[in-house]
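Convert by adding 60 to the 1-based position in the sequence shown; the result is the number in the working numbering. Accompanying notes for the structure given below.
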Amino acid sequence: MPLKLEPRAQPSRIMQYGSPLLAIALTAAMGMVFFIAMGKDPVAAFYAFTVLPVADLYGFGELLIKASPLILIALGLAIGFRANVWNIGAEGQLTVGAIFSGAVALRYGPDGGVWVLPAMIVAGAIGGAAWAAVPAFLRTRFNASEILVSLMLTYVAQLWLSYLVYGPWRDPKGYNFPQSEPLAESALFPVLLDGTRLNASILITLAAVAVAWIILSRSFVGYQLKVTGLSEAAARYAGFSARRAVWIGMLAGGITAGVAGVGEVAGPLGQLFPTASPGYGFAAIIVAFLGRLNPIGIVLAGLLMSLLYLSGEAAQMALNLPSATTGVFQGMLLFFLLGADVLINYRIRAVLGTAPRRAVA
């Protein structure tokens, strides 16, 4: 029986919130098929992939510390996405935030001042915002695509960081490894939970959730961004500036990504390496859309994506699967999410065929 997509009279609110759940269910189902194809027991593999990573206190702390940058970056991106401002370069903005904060830590951290960590947070925010300001300026001044510019700047930022840790910032006592000196105690976030790496950077993320909820749901700026995203012509008619929306959207993503970079340098890493994150800036895009650009939804989606990162590490150790397993599941989740989102504006209808008429002699 053939099927066809029939446009809905208006978008389905049920599918708007149900499509992420459908995408998660389809990802889990295909994950079982993936494990069988790899010759693994699907039940044991599913347990190792979902339960084992958070089976103890240390694992729970790792879940939160990995979810924190994902949620923080996704909150900033969601502000821009609401206005159809597509910041795809959060990974580069995170890297520049790590560079700026690392410069403060390496220069002033050994002095032990209590002001070092707050200065690092400010420097990281400035670095991320400055890197995001480049595509914002080119978009508003020359109508350049912020998607391409922000994405290409990611590789510039990563090369910049590599130059620093291979050159001027290389640790002279690091046995020639590409890394900076370990940061001083005054430049590190304090640990909140003994026996884990969970640190105070998560408090910044919690505060950002509240701020983002106020901006998106209870502020006039959030209303302007929403109108601009729905119809730029209607926004201009109402007197809302499209250029202002671009700047707000890009800078919001840059600031949150830059602060997330501080959280990595002054948190789990404790020093600078050639890469500042395992791809949090890109994964946060999935988190933002999986959470429906809603702060509460982003928190839940961030926890799920964090579990996928932990599961990939567990799959390497317990199941002897390659490290690319995490990317496979992230890709499946995004693929099914995009597919399920079609059901927001369309419904599936069965096309009942009619029997062909016989010719009358």
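C-beta: ideal position from N, C-alpha, C; glycine also.
Query	Result
Simplified DSSP assignment, three categories, for Pro-67	strand
Arg-257 (DSSP reduced to helix, strand or coil)	coil
Check whether Gly-149 and Leu-211 have beta carbons under 7 Å apart	yes
7 Å Cβ cutoff met for Pro-238 and Tyr-226	yes
Per-residue DSSP class, three states only, for Ile-358	helix
Test item: CB-CB of Leu-252 and Leu-258 under 7 Å	yes
Cutoff 7 Å; reference Met-180; Cβ partners in own chain excluding five residues on either side	Ser-161, Val-164, Ala-165, Ala-247, Val-322 and Ala-326
Nearest neighbour of Pro-355, chosen from Val-306, Ala-270 and Ala-302 [CA to CA]	Ala-270
Nearest-angstrom Cα separation, counted from Glu-122 out to Leu-311	29 Å
Inter-residue CB distance, Gly-289 and Asn-144 (contact presumed, cutoff 8 Å)	5 Å
Inter-stretch contact (C-beta, 8 Å, three-pair minimum) for the stretch 183-193 and the stretch 298-316	yes
Local conformation of Ile-148 per DSSP, three classes	coil
Delimiting residues of the alpha helix (DSSP H) encompassing Ala-127	117-142
Three or more C-beta pairs below 8 Å linking the stretch 273-281 and the stretch 106-113	no
Cβ pair Leu-329, Ser-240 closer than 7 Å	no
Three-state class that DSSP yields for Ala-298 in the structure shown	coil
Distance between beta carbons of Asn-405 and Pro-71, contact taken as under 8 Å	6 Å
Beta strand (DSSP E) segment containing Ala-410, residue limits	406-410
Closer than 7 Å to chain C by CB, Leu-398	Absent from the structure is chain C; it holds one protein chain and no more.
Identified DSSP bridge partners for Val-251	Asn-259
C-beta atoms of Ala-134 and Ile-358 nearer than 7 Å	yes
Local conformation of Trp-273 per DSSP, three classes	helix
Alpha carbon of Phe-342 to alpha carbon of Glu-151, nearest angstrom	6 Å
Continuous alpha helix (DSSP H) stretch holding Glu-206: start and end	206-226
Environment of Trp-220 [buried if 16+ CB atoms lie within 10 Å]	exposed
Beta-carbon proximity of Leu-130 to Met-365, cut-off 7 Å	yes
Buried/exposed call for Leu-117, threshold 16 Cβ in 10 Å	exposed
Enclosing alpha helix (DSSP H) for Gln-239 [first to last residue]	No alpha helix (DSSP H) holds Gln-239; DSSP gives it neither H nor E.
Spatially closest choice to Leu-276 from Ser-337, Ile-139 and Asp-401, by CA coordinates	Ile-139
Classification of Gly-377 by the beta-carbon crowding that lies within 10 angstroms, buried from 16 upward	According to the sequence displayed, residue 377 carries Met and not Gly. Per the 10 Å Cβ criterion, exposed.
Gln-153 beta carbon less than 7 Å from that of Gly-184	no
Simplified DSSP assignment, three categories, for Ala-421	At Ala-421 the pLDDT is 46, less than 50, meaning the model places this residue with poor confidence and gives no usable figure here.
Where Trp-229 falls: helix, strand or coil (DSSP)	coil
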